[in-house]
Amino acid sequence: MRRGVLIFLVVNLIILSFLVRSVFTLLSLLVEDASADAIHRAELPSPNSSLIEQRPQVIPKIIHQTYKNESIPEVWVDAQRSCIDLHPDYEYILWTNEKARDFIAKEYPWFLDTFDGYKYPIQRADSIRYFVLAHYGGTYIDLDDGCNRRLDPLLAYPAWVRRTAPTGISNDAMGSVPQHPFFLRVIELLQSYDRSWLLPYITVMYSTGPLFLSVLWKEYMLDKPSEADRVRILMQDEYNRYSWSFFTHHVGNSWHGKDAQLIFWMGQHWMFLTFCGFALAGVVGLGSWWIYGRVMNLSSRYRHGYSKVPTIVTPAGLSPTRRARLAVPTLLRRVSFNKEDEETGPTETSYEFYSRND
Ligand SMILES: *[C@@H]1O[C@H](CO)[C@@H](O)[C@H](O)[C@H]1NC(C)=O
Ligand SMILES: *[C@@H]1O[C@H](CO)[C@@H](O)[C@H](O)[C@H]1NC(C)=O
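Pasting the structure below:
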């Protein structure tokens, strides 16, 4: 029966390591503060500073936005106008559904099936922004974000994204040079992340949205990219909190549903949920050990012709109750023998490795 225990342990270890491996990036995101790549307040010139001119600007002067067609809803018109008005010398491209599909069909035909196959329109809106940044470079801005100051200082970094709460990065404003290795990797891996998860919100987040981008970003950082390939992080304070911040936030995303609220709740209680996860894993582990023991017990009984007493070799002279206790499989059993057991077992409380024999 030793071999049985060994197989049980190995199978459990394999399952456990597989689970840990598959959520490792997610877990490590929880403790990632992005400080290594943060764009610090001190290095960002103030809105009218002469320092802005002195820094080489590598990101092309293009602003990308997406909407299904040319008629932008009233609530976002002011935000859109604020960005266009501040940047008369930038090219402005609004990627409508039609324009986006034509672009993918022409430049990235291998992606067209995935693009057309996305169940939610927001997945197309997410993915097209990665493609146009990888292709043309420039700055992508969500329609619900308005511009508070010119983007010029951010053009000095080969690629930047925005930090988000509670963890990771978001995809609502990003800048990049054309063919930046991070965005090339993002468009390369979109297809393999095109999977359906139970809730629409998770499916969108993890197939094309901020969670997908955060996981790829975390993995990208493990490769220790060179200075030119680094992805810099615009921290929240520099984002839309102060008068010197780059953006103003208008109306929230229109597609958040009930499941989004659930996820936000989970985000706020992730400590508690992590604890529950570990507790659940423990219960499942113990449960499967118990079931394994029962199955072994039954099969040994069966082989010994349904004998009433469990035919398990135990130290002689044990009381029936102790015998019964030993019939429950235990890897490491705390055994304390009574005086009367002295001839057969250790006298002191000790830990023993028991394997059941039959
Ligand atoms: C920067 O300059 C513009 C015009 O050149 C002016 O309207 C704006 O108030 C200035 N901003 C600050 C923060 O000084
Ligand atoms: C854009 O879409 C909206 C809503 O689907 C529709 O009412 C509007 O007519 C469309 N605009 C154009 C220019 O097609």
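Residue numbers for the sequence shown follow full-length UniProt numbering, beginning at 1 and rising by one.
Ideal placement from N, C-alpha and C gives every residue a C-beta, glycine not left out.
Per DSSP, reduced to three states, the secondary structure at W95 is strand. Ranked by Cα distance from N148, the first of T248, S28, A173 is T248. 8 Å or more divides the Cβ of T203 from the Cβ of A125. For N240, same chain residues with a beta-carbon under 8 Å away, outside a window of 5 residues either side, are D145, N148, F246, F247, T248, H249 in chain order. At a threshold of 7 Å, N240 does not count as near ligand 2, since its beta carbon sits no closer than that to any of the ligand's heavy atoms. Note on geometry: alpha-carbon atoms of F182 and S127 lie some 14 Å from one another.
For E32, the shortest C-beta to heavy atom distance toward ligand 2 is 7 Å or greater.
Taking the Cα positions, I52 is about 7 Å away from D152. Setting aside the 5 residues that flank it on each side, A34 is surrounded in the same chain by R163, I169, I233, M235, each with a C-beta closer than 8 Å to its C-beta; the list follows chain order. Taking C-beta atoms as the reference points, V132 and H180 fail to come closer than 8 Å. In this structure, P60 is the residue among L27, V186, P60 with its C-alpha nearest to the C-alpha of A156. Per DSSP, the continuous beta strand (DSSP E) segment holding V161 begins and ends at 159 to 163.
The residue among A228, R230, S288, P45 with its C-alpha nearest the C-alpha of R150 is P45.
Shown here, L44 sits in coil according to DSSP, grouped into three states, outside any helix or strand. By the 16-neighbour rule on beta-carbons within 10 angstroms, S207 is buried.
In this chain, the beta strand (DSSP E) harbouring A173 covers 169 to 176. G287: member of the alpha helix (DSSP H) spanning 270 to 303, first to last residue.
Scanning Q80, I122, Y130 for the CA closest to the CA of F103 turns up Y130. The DSSP-derived three-state label of T208 is coil. Closest by C-alpha distance to F24, out of D85, S214, S50, is S214. For E70, the Cβ falls inside the 7 Å cut-off from some heavy atom of ligand 2.
Annotation: the continuous beta strand (DSSP E) that includes F247 extends over 247 to 249. Straight-line measurement puts the Cα of D142 at about 18 Å from the Cα of V177. Bounds of any beta strand (DSSP E) do not take in R150, whose DSSP letter is neither H nor E. With respect to the C-alpha of A36, the residue from M296, V283, K218 having the closest C-alpha is K218.
Non-local beta-carbon contacts of Y92 in its own chain, meaning distances under 6 Å to residues more than five positions away in sequence, involve I63, I84 in chain order.
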